[in-house]
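In terms of my numbering, the sequence shown has 600 at position 85, counting the first letter as 1, and numbering is strictly consecutive.
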Amino acid sequence: MKTAVPCYYHLDVEVSPERVSQVSRILAAHLRYWDLENLTDPVCRGAELLLRAIDEHARDKHTSIEMWWNGQHLITAFGDDDPDLRPDQDLRACLADIAAMSDGWGCCASATGSKIIWFSQRARAGQRVPLVPLAPAPSLRTGLKVPRSARVPALAAPARADALEGSR
Numbered sequence: 516m517k518t519a520v521p522c523y524y525h526l527d528v529e530v531s532p533e534r535v536s537q538v539s540r541i542l543a544a545h546l547r548y549w550d551l552e553n554l555t556d557p558v559c560r561g562a563e564l565l566l567r568a569i570d571e572h573a574r575d576k577h578t579s580i581e582m583w584w585n586g587q588h589l590i591t592a593f594g595d596d597d598p599d600l601r602p603d604q605d606l607r608a609c610l611a612d613i614a615a616m617s618d619g620w621g622c623c624a625s626a627t628g629s630k631i632i633w634f635s636q637r638a639r640a641g642q643r644v645p646l647v648p649l650a651p652a653p654s655l656r657t658g659l660k661v662p663r664s665a666r667v668p669a670l671a672a673p674a675r676a677d678a679l680e681g682s683r
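See below:
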């Protein structure tokens with residue numbers, strides 16, 4: 516049995532209009548590296564939506580982006596420290612679009628007062644998943660020793676020299 520390799524990526528960004536497409540290309544490159552090309556389009560579209568909304572509405576443009584792949588789901592999270600940015604007001608249209616194109620999403624506050632907006636994409640059946648072979652598990656059976664000095668009984672009589680000459 517093989518299991519998927521968990522992956523993690525973290526990126527700190529100072530959001531600006533020029534950086535939106537650059538961050539999208541960086542995230543796409545990591546997804547290709549993880550053999551998740553099929554998730555590139557929805558993840559990059561969601562990232563672009565959130566980064567443009569943060570650029571438009573936030574005063575503090577610093578954002579942290581994290582991606583986790585656990586073998587079944589890719590979770591992408593954006594964290595910011597702007598107390599004036601309200602997801603229920605400023606990001607309502609952006610979050611509606613993200614909800615429509617993702618398998619799950621959410622918004623929560625952290626203990627430090629920052630906001631985290633996340634969305635997830637599930638790997639569909641038949642998609643290539645990076646696999647790692649597991650080490651073989653030890654067996655409870657005891658192996659039988661192969662006899663090394665046991666003689667093998669002759670299956671046929673030894674060939675005679677005169678029989679070989681007659682066949683020529």
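A virtual CB, placed ideally from N, CA and C, is assigned to each residue, including glycine.
- Distance from the CA atom of Trp584 to the CA atom of Leu554, rounded to whole angstroms, is 11 angstroms.
- Counting along the chain, no alpha helix (DSSP H) covers Leu606, and no H or E run does either.
- Beta-bridge annotation (DSSP): Ile632 is paired with Phe593 and Cys622.
- According to DSSP, Glu552 shares a beta bridge with no other residue.
- A straight line joining the alpha-carbon of Asp597 with that of Asp570 spans about 11 angstroms.
- The region 537-551 and the region 622-630 do not touch, with fewer than three beta-carbon pairs separated by less than 8 angstroms.
- In the three-state reduction of the DSSP assignment, Ser539 falls in the helix class, which pools H, G and I.
- A Cβ-Cβ distance of about 4 angstroms is found for the pair Trp633 and Ala592, placing them in contact under the 8 angstroms criterion.
- Taking 7 angstroms as the cut-off, the Cβ atoms of Ala562 and Ser536 do not count as close.
- Taking the CA atoms as reference points, Ala624 sits about 24 angstroms from Arg637.
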